[in-house]
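Taking the numbering used here, I'd label the letters of the sequence shown as residues 1005 to 1636. Accompanying notes for the structure given below.
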Amino acid sequence: MALKILLAIVIATGLGLTFVVSPNHFDAPAKTIRTPDKPANHYTRLQTVAASALGTREGAIVIINPQTGHVHAVVNPTLAFRSAFPPGSTIKSFTALAALRGGIVTQNTRLRCRGKHNREDVIDACSHPPNLEPFSPAEALAYSCNYYFATIGARLDEDNFARMLADFGFGQVTGIDAYDESPGVLADGTWQTESAIGEGAFLQVTPIQMAMAYAALLNGGQLLKPANDSVTRVRAQLHIDENERSVLLEGMRGAVTFGTAQKAELASLPAYVVGKTGTSTQLQGFRSQGWFVGLAFPGERQTGPEDAQLLVVVYLKKAHGAEAAEVARPIFEEFAGASNRGKDPIYVSVHQVSTNSTQRMSLDDYILRVVATEASVEDQPEALKALAIAARTYALKNLSRHEEQGYDFCSTTHCQRFTSMKTGIAIRPALVRAVTETTGLALHDDSDQIIDAYFSASCGGMTANLKSLWGEEAPTYLRGVRDEYCSSGAHYRWTGVIESQQLVNALRSDPRTDVGQRIRELSVVSYDQTGRAEVISIAGDRVRTISGWEFKLIVGRALGWNVLKSSRFNISRSGSQFVFSGSGFGHGLGLCQEGSHVMAQRGYSYQQILANYFPGTNVLEYSRKKAQNAQK
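What follows is the structure in structure tokens.
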């Protein structure tokens, strides 16, 4: 055995590398990995699911408890323990940590990506969408920006970075009781810019090392020995600043919601999953190899470091990091299912009308996509949070809205506008934060019941009254409030001009407004107290009366929604044209998005914004029972 070690060192030295090796366990006999502190069938399921997920692909999977180091399951221990590979972008979490500690960046430092990083005759192109806003460290981590990390990596001190990696166990055996465990490589004198993005000869890592290092990074700093018994063994206690950990967790959550691991749809599971993908090139080779490291917290939000429960490392040959994330998904599904057995997490099914397809997802994944669709240009965090809570409240109140069709919600304004990830919708980090930071919150009335919540683009100076708009009895919070904040918005004042014959044709499309071949007179008979047209009279060959809102909908369906933007308008005639002078965009009920934007700009919190538009209500945590009671 000593000859094997000496031979490995000689070969490495010939390549200009030097190993850092801890006390070895090479003579330990191979053992079956087990953790008796949990029911055996729990880990049997994880092992079975992991083996099935990997299938016939060449690779390895390691699953551990990040709090104790207990190894729950391993697929292909030869690759997991005895083989080391360049880590690719999984190293960027540690690069970010080193840059934060070295003062090279702060959590708010932003850098615009130039699309690629050049090294010798190789180009490391960035795979994220082009022309994004400058990245913070968390956003760069989520998008795995090669340019960002190569740029900050060029400023890192090699010795300090190497020492930090050694502190996390790289270049050392982990101490797992496995025959011929590899210490990997933490080399001396081979630092290059590409080392900061996990390429080259500077660092080579085994999957078990990767698991233990990430556990220490996110569990509060405990570098653990992998355990095959019920005893937790701490190899070292590292200091992880809470601000540093927060940046890394934000970036890793971003990776699964809008970044490199998005396609695996881990964010839709009833557990809070964070992760980091990596793709690297074989040393002296050309094929790529994919990594994914994922960590799961129970429930719908990330809590303290002591609450992380499952860590999964997937390594795949001839693959990319995104594929490794997809392999990990069934494992996290099993974890989420086991964690929620006996519980009743809220899942919804959404029908995408444009593609005639139905998707099932967690409530907050649905809310994230609603907010991304409705607030594509909103840049105020508090306004985004207010919208997320309003949208979530609406969803809770209207679960099973399309029960007869076999799903909960449609993707149109009949429910809430929703765009599937598969259609290329952009999920900005600010949107993720808004939904995540308001998880579990909804609007309640003074009886502690979930309310009817609505929102529109612009109320035009006063929000609508539910009764006069749609004829339903209006609770106090939906009777209309004056809004001084939306007066600077794009839709506060508008004019729509329609040719007489064009309007005739539009009105003839519906029997309620069909007055024949011409219109002699068109007028608003009455307005409600919010300034909206309550009753409209149409005189032609016949006379019809209709509500202002229904008139707006009929014209909108025929001529487009931008002609009459709301039912808050006056009517005049100019020759052969009818002129509509109005304000607002949409139905005007509840939250006014343009007003909310201005309130947030002026320093109001999301609670204050919602209290303004829904007077007498409170933002509180909801329960499944409340959601069931709220349904109409």
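Virtual Cβ for every residue (Gly too), placed ideally from N, Cα, C.
query: Short Cβ contact (8 Å threshold) for residue 1537 with residue 1524; result: no
query: Inter-residue CB distance, residue 1050 and residue 1074 (contact presumed, cutoff 8 Å); result: With 8 Å as the limit, residue 1050 and residue 1074 do not qualify as a contact, their Cβ atoms being about 11 Å apart.
query: Span of the alpha helix (DSSP H) around residue 1557; result: 1552 to 1563
query: According to DSSP, residues forming a beta bridge with residue 1462; result: 1589
query: 6 Å CB neighbourhood of residue 1268 in its chain, flanking five on each side removed; result: 1329, 1330, 1333
query: Extent of the continuous alpha helix (DSSP H) run through residue 1474; result: 1470 to 1474
query: For residue 1526: DSSP bridge partner residues; result: 1542
query: Every unbroken beta strand (DSSP E) inside the segment 1308 to 1336 [3 residues or more]; result: 1314 to 1321
query: Bridge-paired residues (DSSP) for residue 1386; result: According to DSSP, residue 1386 bridges with nothing at all.
query: Proximal residues to residue 1327 (C-beta, below 8 Å), its chain only, five neighbours per side dropped; result: 1294, 1320
query: Residue 1378, buried or exposed, once every other Cβ within 10 Å from all chains shown has been counted against 16; result: buried
query: Proximity winner among 1435, 1504, 1130, relative to residue 1257 (alpha-carbon distances); result: 1435
query: Meets three-Cβ-pair contact criterion under 8 Å: the segment 1568 to 1588 and the segment 1614 to 1628; result: no
query: Whole-angstrom distance between residue 1528 and residue 1140, CA atom to CA atom; result: 53 Å
query: Buried versus exposed, by CB contacts within 10 Å (16 or more), residue 1389; result: buried
query: Residue 1396 - DSSP class collapsed to helix/strand/coil; result: helix
query: Strand pairing of residue 1638, partner residues [DSSP]; result: With the chain covering 1005 to 1636 only, the question about residue 1638 has no answer from this structure.
query: Selected residue, minimal CA-CA separation from residue 1214, among 1263, 1064, 1362, 1241; result: 1064
query: Cβ-based neighbour list, residue 1385, same chain, cut-off 8 Å, excluding 5 preceding and 5 following; result: 1434, 1437, 1438, 1604
query: Outcome for residue 1607 when other beta-carbon atoms lying within 10 angstroms are tallied against a minimum of 16; result: exposed
query: Residue 1352: first and last residue of the uninterrupted beta strand (DSSP E) it sits in; result: 1351 to 1356
query: Closest by C-alpha distance to residue 1516, when choosing among 1191, 1115, 1553; result: 1553
query: Between the CA atoms of residue 1444 and residue 1350 - distance to the nearest angstrom; result: 11 Å
query: Buried or exposed by the 16-neighbour rule on C-beta atoms within 10 Å, applied to residue 1499; result: exposed
query: Short Cβ contact (8 Å threshold) for residue 1259 with residue 1276; result: no
query: Span separating the alpha-carbon of residue 1392 from that of residue 1555; result: 30 Å
query: Among 1372, 1298, 1151, the one whose alpha carbon lies nearest that of residue 1312; result: 1298
query: For residue 1639, the three-state DSSP class (helix, strand or coil); result: Lying outside 1005 to 1636, the shown extent of the chain, residue 1639 is not represented and no answer is given.
query: Selection from 1178, 1192, 1477, 1119 that minimises the alpha carbon distance to residue 1231; result: 1178
query: Supposed contact pair residue 1283 and residue 1324 - C-beta distance, whole angstroms, cut 8 Å; result: 5 Å
query: As assigned by DSSP and simplified to three states, the class of residue 1601; result: helix
query: Proximity winner among 1136, 1452, 1085, 1336, relative to residue 1211 (alpha-carbon distances); result: 1085
query: Same chain, Cβ closer than 8 Å to residue 1111, five either side skipped, listed in chain order; result: 1104, 1140, 1141, 1142, 1247, 1250, 1251
query: Three-state class that DSSP yields for residue 1058 in the structure shown; result: helix
query: Beta-carbon gap between residue 1484 and residue 1510 smaller than 8 Å; result: no
query: At least 3 beta-carbon pairs within less than 8 Å: the segment 1581 to 1595 vs the segment 1451 to 1465; result: yes
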